[in-house]
Structures are given as structure tokens and as C-alpha cells.
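A.B. asks: Here you go, one structure.
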Amino acid sequence: MKLSALFLLHLLCCFQAFTQTNFNTLTDKGYQELADGKSAAAKQTLEQALKVVPEDLDLEPKADFFNNLGVAYYQTGDYKKGLHAYERSLDAYRKLNNDSLVAGALLNLGLAYKEIGAFKQATSVITKAARLSEKYGNRKELSAAWNAIGNIQRETGNYEKALEYHWRALHIRKSIGYDKGTADSYHNIGTVYLEWKRYDQAGKYLLEALKRKKVLSNQSNTVNTLSALGRLYVAKLQPEKALIYLNSAYEMRAEMGNSAKAASSIYYLGTYYASTGDRSKALELFRQAQEMARSSSDHLLLADALLGEINVLKTSKGNDPLLEKYQELVETREKGVNDANRKEMARLEIEYDVERKEREIDLRRKQAKLDGIRIENQTLRNQRLIGWIIGLSLLACLVSAMFYQIRRRKKYIEVQNRELEEQRDEITHLHQELSHRTKNYFGLLGGILKSDKLQVTHPEATKVLEENIRRLEAMSLVQKYLLDDSTHQNKEIRLDTYLTHVIDTVVLNLFPGRNKLKLLCEIDAIYLDYDIAMRLAIALNELICNAIEHGLLQSGTPELGVSIKRSENGLELIVKDNGPGITEQQMQAQSVKGQGLIVKLLHKMNGTIRYSNNNGCVATVHIDI
Numbered sequence: 041m042k043l044s045a046l047f048l049l050h051l052l053c054c055f056q057a058f059t060q061t062n063f064n065t066l067t068d069k070g071y072q073e074l075a076d077g078k079s080a081a082a083k084q085t086l087e088q089a090l091k092v093v094p095e096d097l098d099l100e101p102k103a104d105f106f107n108n109l110g111v112a113y114y115q116t117g118d119y120k121k122g123l124h125a126y127e128r129s130l131d132a133y134r135k136l137n138n139d140s141l142v143a144g145a146l147l148n149l150g151l152a153y154k155e156i157g158a159f160k161q162a163t164s165v166i167t168k169a170a171r172l173s174e175k176y177g178n179r180k181e182l183s184a185a186w187n188a189i190g191n192i193q194r195e196t197g198n199y200e201k202a203l204e205y206h207w208r209a210l211h212i213r214k215s216i217g218y219d220k221g222t223a224d225s226y227h228n229i230g231t232v233y234l235e236w237k238r239y240d241q242a243g244k245y246l247l248e249a250l251k252r253k254k255v256l257s258n259q260s261n262t263v264n265t266l267s268a269l270g271r272l273y274v275a276k277l278q279p280e281k282a283l284i285y286l287n288s289a290y291e292m293r294a295e296m297g298n299s300a301k302a303a304s305s306i307y308y309l310g311t312y313y314a315s316t317g318d319r320s321k322a323l324e325l326f327r328q329a330q331e332m333a334r335s336s337s338d339h340l341l342l343a344d345a346l347l348g349e350i351n352v353l354k355t356s357k358g359n360d361p362l363l364e365k366y367q368e369l370v371e372t373r374e375k376g377v378n379d380a381n382r383k384e385m386a387r388l389e390i391e392y393d394v395e396r397k398e399r400e401i402d403l404r405r406k407q408a409k410l411d412g413i414r415i416e417n418q419t420l421r422n423q424r425l426i427g428w429i430i431g432l433s434l435l436a437c438l439v440s441a442m443f444y445q446i447r448r449r450k451k452y453i454e455v456q457n458r459e460l461e462e463q464r465d466e467i468t469h470l471h472q473e474l475s476h477r478t479k480n481y482f483g484l485l486g487g488i489l490k491s492d493k494l495q496v497t498h499p500e501a502t503k504v505l506e507e508n509i510r511r512l513e514a515m516s517l518v519q520k521y522l523l524d525d526s527t528h529q530n531k532e533i534r535l536d537t538y539l540t541h542v543i544d545t546v547v548l549n550l551f552p553g554r555n556k557l558k559l560l561c562e563i564d565a566i567y568l569d570y571d572i573a574m575r576l577a578i579a580l581n582e583l584i585c586n587a588i589e590h591g592l593l594q595s596g597t598p599e600l601g602v603s604i605k606r607s608e609n610g611l612e613l614i615v616k617d618n619g620p621g622i623t624e625q626q627m628q629a630q631s632v633k634g635q636g637l638i639v640k641l642l643h644k645m646n647g648t649i650r651y652s653n654n655n656g657c658v659a660t661v662h663i664d665i
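The sequence shown begins at 41 in the working numbering and counts up by one.
The following block contains the structure:
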């Protein structure tokens, strides 16, 4: 029995040792493949290592492993997995309680967010790294964080903010004597000015960066500034200076054997020779740039180099190479678009995850708050349990008394409601009776005026009586529709029904040849208050009288248009005829018949009137309702 247990223990130890050895072998191979630029192979190798990660692996190598795995995922376009790996690396560093490593991991995670365009998350994470570095006095990492945020601001086109952060980084690097970082900050400030098209400031800072980098003898760092200076002088239309810097960058990158970085210098050189008309040299450089871009899977640079070659080939005879290049350009751009789509998809997924996590955190906080309240309530109930038991009898008596009072109050309210209902019915009946009597009074008064009209022989007196009769009929119609239309509880008038009868009544009484008149009415189904409707009817009566008397009686083909529409700020009434129109003197003197009455009516309704000519007189009334 003891031998079996010892054998199993030995077997387990051997398995753990094998797993550890296999993991170390795979990680060493994967790290080397990353260093050699073999991203796809490194990803495959490190994914195999992920399957055999020892459970007792120390936190620091575990964090390093996930960091390198994230690099492999990013370089192969698997951005979401890359971010997940970076987050696991950050978790491992946090468990080490080493704030310097945590700040570095936060910075790497922020740069990963920046790579896919998730600038908001990138800025947030890098700012956390900066605050952590500032808290523990790591000024070098603090400057790196400000530098990264400056680059984010530059990529988003916020050049003033970019300069602000790069100046922060430069000030820190100068103060701690960090020469390489100082040179990089000068380069970054110059690059911001270059993209901002402020070429004089760009040249000043890029030349200062170049001078400092040459002192450091760092070719890898110097070549970027040489390329930037070449681009600067191309933009300033100084090709001779541009050629000097671009050639220097190209030669230095060629010596370093860095084909990925050399490709951009070769492309800019090709652009220069193409602009000078040296077709053969331009084609040679464009094709070299294409080969290097293919090897580094730089689709954007490859597309630029192909387009440069196509532009040169357009001037030569023959279409076969040109067609092939066009086809390759299309394929390259599709790859670039696919890569951009993957980045965008990863960015959107990350934004969704961040939002979901924030919601979960918020829900947890709310749940914790509710749990705390629940616990407090439970404690309070327990503390008061004895008091509830002692006061139970008193509470029963109190409840009985309250129930009795509620029943009495309910009966009292029911009696009050019945009385209010009876009073409301009585008021409604009185309102209807009042409307009926008012209608009768209007009819009686109208009959008296009509009787007087038959006895009067003076034309002017007859005319005045006719005007007053029409006004009374307009007011009488309001009372009629108050009695007939119960849909709005005898409080409002429906304009289209009411005013149509007013118009017909006025036209019938004033226009002798009713069949010859072309009447156009456009009235919306609008409900208005009783007083406003009556005033509007009287005003409309006056306007139609004016239109018939001064316009339509003089027209061979009389036309009368009445429009009442709801506008943004109220109600608009338009009365238009095709008569001779209104003179400028009449408009200024306000001598239109009935103008005084119309103005008084409209004044009480916050209304206005204006006259104009448009193949006849047009009266426009606006009322605020």
C-alpha cells in the first residue's frame, strides 16, 4: 500500500516536472519567434504553451507570458484575445503588489487600446498608469504615460492637447536627465507640428531631436527623425533637402537590416524620384518598398507603394503590368479594410464590455446598498420585536379606532361627491338654459333690426342695420352650436362647421349672383373657446363684407378664398379676393371698412392683421392661442 502511494506521488512529480519543462520550452520558442518577427508562428506556439501553464507558476513569469501572448495576438490581428491577455498580465502584476510593474502593464494595455482606436479607454487606462507612477515617484514611467496620451491626442487631431502632454513629458525627462526620452519628446513635438502643417516649428524641434539623437548614437531612434525631416521638406517643396534626409534614413535602415522601417523611407524616396521625372529609379524604389511591406504585412504602406507605381506606369505604354498592379492594389486595400474592420469590431466589443462591466459594478453597488438597508431593517425589527408584542393590544385598539374614522370619512366624502355631482348637473343645465336664452335674445334683437330695416328708407341707415344684423347672426350661430354640439361639453366651438355657416350666410345676404362666385374654403377642424370663436366670426364677417363690397362686385369672375389653419404659434386666418386690391394709402391710413372693430376684436385675442396685394386683396390675421 505504501509502495503504491509512493509510486503515484513520484508519477505526479514527474508529470509536473514534464509540464514545467514543456511550458518553458514553448515559451522560449514563442518569445524567440516574436523577436524574429514571426508573429503567426509565435501565436501558435504560445497558444500551445497556454494549454500547459503550470498551476504553481510564479506570478512574474506568468504576467510576462500573458504580456507576450497579447503581443502575438495583436500582431496577427486577433485584437480582442490580445486585450484579454494583456488584462490577465495586469491581474498577475497586481497580485505581486508591485506598483511599478502595474503601472507598466497599465501603460501596455492603454497602448493596446490605442492600436485599435479605442482612444477613450486608452486615455483612461494610461491616465491611471500616470497617476500610479506619480504617486510612487517613478517620473520616467510618468513621462512615458504623458507621451502616450500626447500621441493619442495627435492621432485624433487634437494638436493643442497633444503638445500640452508632450511638453509635460519633455519637462520631466529634462529634469531627470533622461537623454533618450528628451530626444524622443523633441521628435514627437516636431511630428505634431508637422501634421498640424506648422512647418517652421516642426523643423525647429525635429532638428533639435536629430542633434540629440546623433549624440546618443542610436540608429534605430535617429532614423525616424530623418524620415520625418524628409517628409517635412517634401511638404515645404524643398526636394533637395528632402532627398538628403530620406537617403540618410534609407541607408541607415538598410544597415540595420530593418526592412519594415526601411520600407517607408524607400517609399518616400520613390515619391521624390517620381516627382522629378526619374521613372526607372522611382519604379525600382516603389517595388522594393512593396516587397518589404509584404514581408511585414503592412497593407497601408503596400497600397501607397502600389499606387505610386501605378501613377508612374500610367505614363508608359502597355496595360498588362498596370492592370496587374490595379488588381493587387484592390486586393491590398481589401486586406487593409479587413484589418481595420477587425480593429473596429474589437473596439466596439471592448466598449460594449466596458459598458457592461460598468453596469454590473453599478448594479452590485446598488445591490450592496439594498443589502445594507435590508440588514439595518432586520436589526431594527429584531430590536423592536418586544415593543411590538407589548403594544399589540394598544395597536389593535388604535387600528379599530382608525378604521371607524376611515369609514366615517368615506361616508362623508361620498355625500360630498353626490352633492358636487348634483351641483355640476345644475350648473350644466343653467349653462344650457343661458345659451338657449342668449340665442333667443339674439334672434329677437335680429328680428327687431330687420323690422327697422324695412321701415328705414335712408340708404346709409339701411347699410348700418344690415351690418349689425350680420354680426348678430354670427354671434347667434355660436349659441346654436353650443346647444347642438355636446362633444366638448358646451365650452368650445368647432371652427370648420361654425365658420362655414357664417361664410354661407354672409355671402347669401351680400352677393346677388351667388352661383357666379367661386368660393374656396380651407378650414381645419379646430376647437376654440366660445369667446374667441365669436370674435373670430365677427372679424371674418367684416373681412368678407369688405372683400365683396370693394373687390368681388367689380370682378367679372369673382373668386373668394377663406383659409383657417393652425400655425406654429397660433391660428392663421387668410381672406383673399381677386378684385382690384387695396391701395398703399389705404394700408397706411388703415381706412379699410370695419378696421376699427376688427382691431379691437383682435387686440383682446393677442391678434394682428396685415393687408397685401396678390392678384387682389389679401387680409392675413394671426391669433395666439
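For glycine and all other residues, C-beta sits at the position ideal for the given N, C-alpha and C. Owing to the predicted nature of the structure, the values given are computational and were not obtained by experimental measurement.
Can you give me the Cβ contacts of Ile-663 inside the same chain, cut-off strictly under 6 Å, excluding the 5 residues immediately before and after it?
C.D. replies: Gly-610, Leu-611, Met-645 and Gly-647
A.B. asks: Taking DSSP as the reference, what is the three-state secondary structure of Ala-185?
C.D. replies: It is helical.
A.B. asks: DSSP three-state label for Glu-599, please.
C.D. replies: strand
A.B. asks: In three-state terms, what does DSSP make of Lys-78?
C.D. replies: coil
A.B. asks: Which runs of the alpha helix (DSSP H), 4 residues or longer, sit entirely within the segment 127-198?
C.D. replies: 139-155, 159-175 and 179-195
A.B. asks: In the structure shown, what three-state DSSP assignment does Lys-237 receive?
C.D. replies: coil
A.B. asks: Alpha carbon to alpha carbon, how far is Val-263 from Ser-257? Give it in angstroms, no decimals.
C.D. replies: 11 Å
A.B. asks: What's the call for Phe-326, buried or exposed, on a 16-neighbour Cβ count within 10 Å?
C.D. replies: By the 10 Å Cβ count, Phe-326 comes out buried.
A.B. asks: DSSP three-state call for Lys-616: helix, strand or coil?
C.D. replies: strand
A.B. asks: Would a C-beta distance cut-off of 7 Å place Leu-641 and Ala-579 closer than the cut-off?
C.D. replies: Judged by their CB atoms, Leu-641 and Ala-579 are nearer to each other than the 7 Å cut-off.
A.B. asks: Once the 5 residues before and after Ala-693 are set aside, which same chain residues still bring their CB inside 6 Å of it?
C.D. replies: As displayed, the chain neither begins before 41 nor continues past 665, which places residue 693 out of reach and without an answer.
A.B. asks: To the nearest angstrom, report how far apart Ala-322 and Arg-171 are at their CA atoms.
C.D. replies: 49 Å
A.B. asks: On the CB-based measure, 16 or more other CB atoms within 10 Å of its CB, does Asn-654 come out buried or exposed?
C.D. replies: exposed
A.B. asks: With a cut-off of 8 Å on the beta carbons, I'd call Val-274 and Tyr-312 a contact; round off their distance for me.
C.D. replies: 7 Å
A.B. asks: Which residue wins for smallest C-alpha separation from Lys-254, given the options Gln-72, Pro-94 and Leu-266?
C.D. replies: The residue with the shortest Cα to Cα distance from Lys-254 is Leu-266.
A.B. asks: Compare the C-beta of Ile-649 against all C-beta atoms of chain B and say whether one is closer than 7 Å.
C.D. replies: Protein chains in the displayed structure number just one, and chain B is not present.
A.B. asks: Please report the Cβ distance between Ala-209 and Trp-186, rounded to the nearest whole angstrom; I am assuming they are in contact, meaning their Cβ atoms lie under 8 Å.
C.D. replies: 4 Å
A.B. asks: Spatial neighbours of Tyr-239 within its chain, please: CB distance less than 8 Å, with the 5 preceding and 5 following residues excluded, ordered by chain position.
C.D. replies: Here the set comprises Tyr-233, Leu-272, Ala-275 and Lys-276.
A.B. asks: Skipping 5 residues on each side, what residues in its chain have a beta carbon closer than 7 Å to that of Asp-402?
C.D. replies: Same-chain partners within the cutoff: there are none.
A.B. asks: Quick one: what does DSSP say Thr-648 is sitting in, helix, strand or coil?
C.D. replies: strand
A.B. asks: What are the start and end residues of the alpha helix (DSSP H) that includes Arg-534?
C.D. replies: Counting along the chain, Arg-534 falls outside any alpha helix (DSSP H), though it belongs to the beta strand (DSSP E) covering 532-534.
A.B. asks: Which class does Thr-527 belong to by DSSP, given the choice of helix, strand or coil?
C.D. replies: Its pLDDT being 47, under 50, Thr-527 is placed unreliably by the model, and the measurement read from it follows with that caveat. DSSP places Thr-527 in coil when its eight states are reduced to three.
A.B. asks: What three-state label does DSSP hand Arg-424 in the structure shown?
C.D. replies: coil
A.B. asks: Compute the distance between the beta-carbons of Glu-599 and Asn-618, then report whether it is under 7 Å.
C.D. replies: Contact check for Glu-599 against Asn-618 passes: the beta carbons are separated by less than 7 Å.
A.B. asks: Quick one: is Gly-412 buried, meaning 16 or more other Cβ sit within 10 Å of its Cβ, or exposed?
C.D. replies: exposed
A.B. asks: Given a threshold of 16 other Cβ atoms within 10 Å of its Cβ, counted over all protein chains shown, does Phe-443 qualify as buried or as exposed?
C.D. replies: exposed
A.B. asks: Judging by CA-CA distance, which residue of Leu-505, Gly-596, Tyr-226 and Arg-405 is the nearest neighbour of His-211?
C.D. replies: Tyr-226
A.B. asks: So for Leu-340, helix, strand or coil by DSSP?
C.D. replies: helix
A.B. asks: Am I right that Leu-485 and Val-496 are in contact with their C-beta atoms under 8 Å? What's the rounded C-beta distance?
C.D. replies: Actually they do not touch by this definition, with Cβ atoms about 16 Å apart.
A.B. asks: Determine which residues share a DSSP beta bridge with Arg-606 and list them.
C.D. replies: Leu-611
A.B. asks: Over the uninterrupted alpha helix (DSSP H) stretch that includes His-498, give me the two end residues.
C.D. replies: It is not in any alpha helix (DSSP H) - His-498 carries neither H nor E in the DSSP assignment.
A.B. asks: Could you give the DSSP three-state label for Tyr-218: helix, strand or coil?
C.D. replies: coil
A.B. asks: Which stretch, first to last residue, makes up the alpha helix (DSSP H) that contains Ile-588?
C.D. replies: 570-590
A.B. asks: Excluding five sequence neighbours on each side, which residues of the same chain lie with their C-beta closer than 7 Å to the C-beta of Leu-74?
C.D. replies: Ala-82, Asn-108, Val-111 and Ala-112, listed in sequence order.
A.B. asks: Here's the rule: buried if 16 or more other CB atoms are within 10 angstroms of the residue's CB, otherwise exposed. What is Thr-231?
C.D. replies: buried
A.B. asks: Please state whether DSSP places Thr-316 in a helix, a strand or coil.
C.D. replies: helix
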